[in-house]
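The block underneath contains the structure these notes are about, expressed in structure tokens.
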Amino acid sequence: RFASTKYDVVVIGGGPGGYVAAIKAAQLGFNTACIEKRGALGGTCLNVGCIPSKSLLNNSHLYHTIKHDSDHRGIAINGDVTVDFDKLMGAKDKAVKTLTGGIEMLFKKNKVTYIKGEGSFIDSKNVSVKPIDGSEPQEIEADHFIVATGSEPTPFPGIQIDEERIVSSTGILSLKEIPKRLSIIGGGIIGLEMASVYSRIGTEVTVIEFQGAIGAGMDAEVAKTTQKLLAKQGLKFKLGTKVVSGVRDGEVVKIEVEDVKSGKKEDLEADVLLVAIGRRPYTEGLNLEAAGLEADNKGRLIIDDQYRSKHDHIRVIGDVTFGPMLAHKAEEEGIAAAEYIKHGHGHVNYANIPSVMYTHPEVAWVGLNEEQLKEQGIKYRVGKFPFIANSRAKTNLDTDGFVKFIADEETQRVLGVHIIGANAGEMIAEAGLALEYGASTEDIARTCHAHPTLSEAFKEAALGTFDKTINF
Ligand code: FAD
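The opening residue of the sequence shown carries number -7 in this note's numbering; numbering runs sequentially from there.
Below, the structure written as structure tokens:
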């Protein structure tokens, strides 16, 4: 039996949105419970998303660097450098386990009750929980609910996922062996990250993308550079290409594609096909109707600007509602939702949510891109600085990419920053701070940055929007 059947706040879903909301609510003095049915906390992100993918990205990058990029660094390899795929996967599993276990500790520390089961609304004040240990369902009552049930991979009509040969992002993170040939439907962030992992460890990778460019949402110039660099690393791209069908035939997958413009058909074959065309909100088993919750035509739960559904006491955050499907966005909303319950106000700046693609080089951006500014008729200036002219990048023998600043033409206020380069994902945090404080590019260019660091390229790109750069 659960310790209590009545709580101030009950959070449904223990992903980045839900677990953070639960901890914050408890810290604000609410008697809080979090219901999670997966058997582990951390949601998609920690279990089958951000964390396992970054473990594979980091270790495959190290392998690739040692094997193919060490000689000119003065590192001689006397013997073969090979991948132990089981251990590579093992290191990923260990990272996941340590981090999900860490959240359980945080729940204990903050006195959040962790309820392992599936939550299903009985009405707007009560949920029934079906425990994962198979015991009898139990009812729980709460004054406030925060729904954070997340998302799931969007299926491709007509293509049957078996998580062996035809896989979703979940299956690709747990393959049993390195495929010889991998085809990926979707040139978005998840598709390209997985393409990088497998290409580095010897797989022949083909990315099939319907649009004429990769990296949905990226600044067009950055997307083009990214594609060029990834192609140089061996990735094959089929852009402007529509997948017609994908069928498993024994140990291979047969894929039929069609050129979007010419209609010309082509047959492809792969050992594994990854379907990575996006994610959709997940509400299965939640019994939305009983609570009177409504979804839009994309399945996103409808809320107001304080995350309230039709009922003031049921709030919704993260992937299951509007906005970019990102862990840090869900976390920010988790904090804000708990603060709204306590104080009646909270804060998330939706104009300032960074995106990062953890390939090598990394790609990171925040704020508006050139295409969006043109569309909105805003006049702007661009400042750019290439890493080839940055002393640290040169020293590291890692000079691909550039920093691109976009500033308001008149006021120099930072409107967007787009980076392709090693460590772009860390560097973008400074751009976020600039946007949050309404900084101008001059503010950044006049801020002393340590030498030699990659962030000097950041400073110089800011300078480039209103003056001559020094080192390029
Ligand atoms: P989720 O993390 O999906 O968590 C929802 C939880 O609710 C799940 O654990 C589920 O089991 C549980 N649940 C659902 N229904 C019920 C119910 N009725 N009762 C009880 N429990 C329930 N984002 C980034 O920001 N950076 C990245 O690098 C990144 N990489 C990614 C890589 C991959 C391969 C994938 C798939 C995603 C990645 N994402 C990344 C996206 C990120 O994982 C999501 O945006 C994030 O997990 C959303 O958090 P959430 O709390 O809204 O939902």
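In this text, a Cβ means the ideal position worked out from N, Cα and C, and glycines have one as well.
Taking DSSP as the reference, what is the three-state secondary structure of residue i?
i, result
"HIS335", "helix"
"LEU104", "Checking the sequence, you will find Val at residue 104 rather than Leu. Looking at VAL104 - three-state DSSP - the assignment turns out to be coil, as it is neither helix nor strand."
"ARG384", "helix"
"THR146", "coil"
"PRO273", "strand"
"MET349", "strand"
"GLY284", "coil"
"GLN19", "helix"
"PHE137", "strand"
"LYS58", "Rather than Lys, the amino acid found at residue 58 in this sequence is Ile. It is helical."
"ILE132", "strand"
"ILE124", "coil"
"TYR11", "helix"
"ALA451", "Just to set this straight, residue 451 is Lys in the shown sequence, not Ala. LYS451 falls in the helix class under three-state DSSP."
"ALA32", "coil"
"ARG65", "helix"
"SER301", "coil"
"THR92", "helix"
"GLY25", "Position check: residue 25 holds Ala in this sequence, whereas Gly was assumed. Correct three-state label for ALA25: strand."
"HIS410", "strand"
"ALA399", "strand"
"SER161", "helix"
"ASP154", "coil"
"VAL40", "helix"
"SER52", "helix"
"GLU169", "coil"
Please determine whether the Cβ atom of residue i lies at a distance below 7 Å from any heavy atom of ligand 1.
i, result
"LYS46", "yes"
"THR146", "no"
"ARG30", "yes"
"MET317", "yes"
"PRO353", "no"
"HIS53", "no"
"VAL358", "no"
"VAL40", "yes"
"HIS56", "no"
"TYR274", "yes"
"GLU110", "yes"
"CYS440", "no"
"THR141", "yes"
"TYR342", "no"
"ILE398", "no"
"GLY310", "yes"
"ALA25", "no"
"PRO123", "no"
"THR218", "no"
"LEU285", "no"
"GLY7", "yes"
"ALA322", "yes"
"TYR332", "no"
"TYR(-1)", "no"
"TYR190", "no"
"GLY204", "no"
My assumption, with CB atoms under 8 Å, is that residue i sits in contact with residue j. Please give the rounded CB distance.
i, j, result
"GLU131", "SER120", "6 Å"
"LYS100", "ILE124", "At roughly 19 Å, the Cβ-Cβ gap does not stay under 8 Å, so LYS100 and ILE124 are not in contact."
"VAL244", "THR233", "Not really, about 20 Å apart at Cβ, beyond 8 Å."
"ALA453", "LYS371", "That pair is no contact at about 19 Å."
"VAL199", "SER52", "Rounded, the Cβ-Cβ distance is 16 Å, inconsistent with contact."
"ILE309", "PHE148", "Actually they are not in contact, since the Cβ atoms of ILE309 and PHE148 sit about 28 Å apart, beyond 8 Å."
"ASP259", "LYS246", "7 Å"
"HIS335", "HIS136", "In fact, because the Cβ distance is near 13 Å, the residues do not count as touching under 8 Å."
"ALA437", "LEU425", "Between LEU425 and ALA437 the Cβ distance is about 15 Å, and since that is not below 8 Å, they are no contact."
"HIS56", "ARG192", "4 Å"
"THR24", "ALA32", "So it is not a contact: roughly 19 Å between Cβ atoms."
"ILE420", "GLU362", "ILE420 to GLU362, Cβ: 17 Å. No contact."
"TYR299", "THR141", "Their Cβ separation, rounded to whole angstroms, is 14 Å, which puts TYR299 and THR141 out of contact at 8 Å."
"THR92", "GLY183", "About 25 Å; that fails the 8 Å criterion."
Tell me which same chain residues have a C-beta within less than 6 Å of the C-beta of residue i, skipping the five on either side of it?
i, result
"GLY338", "ALA328, GLU331, TYR332"
"VAL476", "Residue 476 falls outside the range modelled here, since the chain spans only -7 to 464, and no answer is possible."
Using a Cβ-Cβ cutoff of less than 7 Å, which residues in the same chain neighbour residue i once the five nearest sequence positions on both sides are dropped?
i, result
"THR391", "PHE379, ILE380, ALA385"
"TYR350", "LYS46, LEU49, GLU185, GLY417"
"LYS29", "GLY109, GLU110, ILE124"
"GLN152", "ILE158"
Leaving out five residues on either side along the sequence, give the residues of the same chain with a beta carbon under 8 Å from the beta carbon of residue i.
i, result
"THR217", "GLY393, PHE394, ILE412"
"ASP288", "ILE294"
"VAL40", "SER161, THR162, LEU165"
"ASP0", "ALA17, PHE22, ASN23, THR24, ALA134, ASP135, HIS136"
"GLU286", "LEU280, LEU293, ILE294, SER301, LYS302"
"SER447", "MET419, GLU422, HIS441"
Any heavy atom of ligand 2 within a distance shorter than 7 Å of the CB on residue i?
i, result
"ILE4", "Judged by which ligands are present, ligand 2 is missing from the structure shown, whose ligands are ligand 1."
Complete beta strand (DSSP E) runs within the segment 174 to 229 (minimum length 3 residues, chain order): At a cut-off of 3 residues, the continuous stretches assigned as beta strand (DSSP E) that sit fully inside the segment 174 to 229 are 196 to 200.
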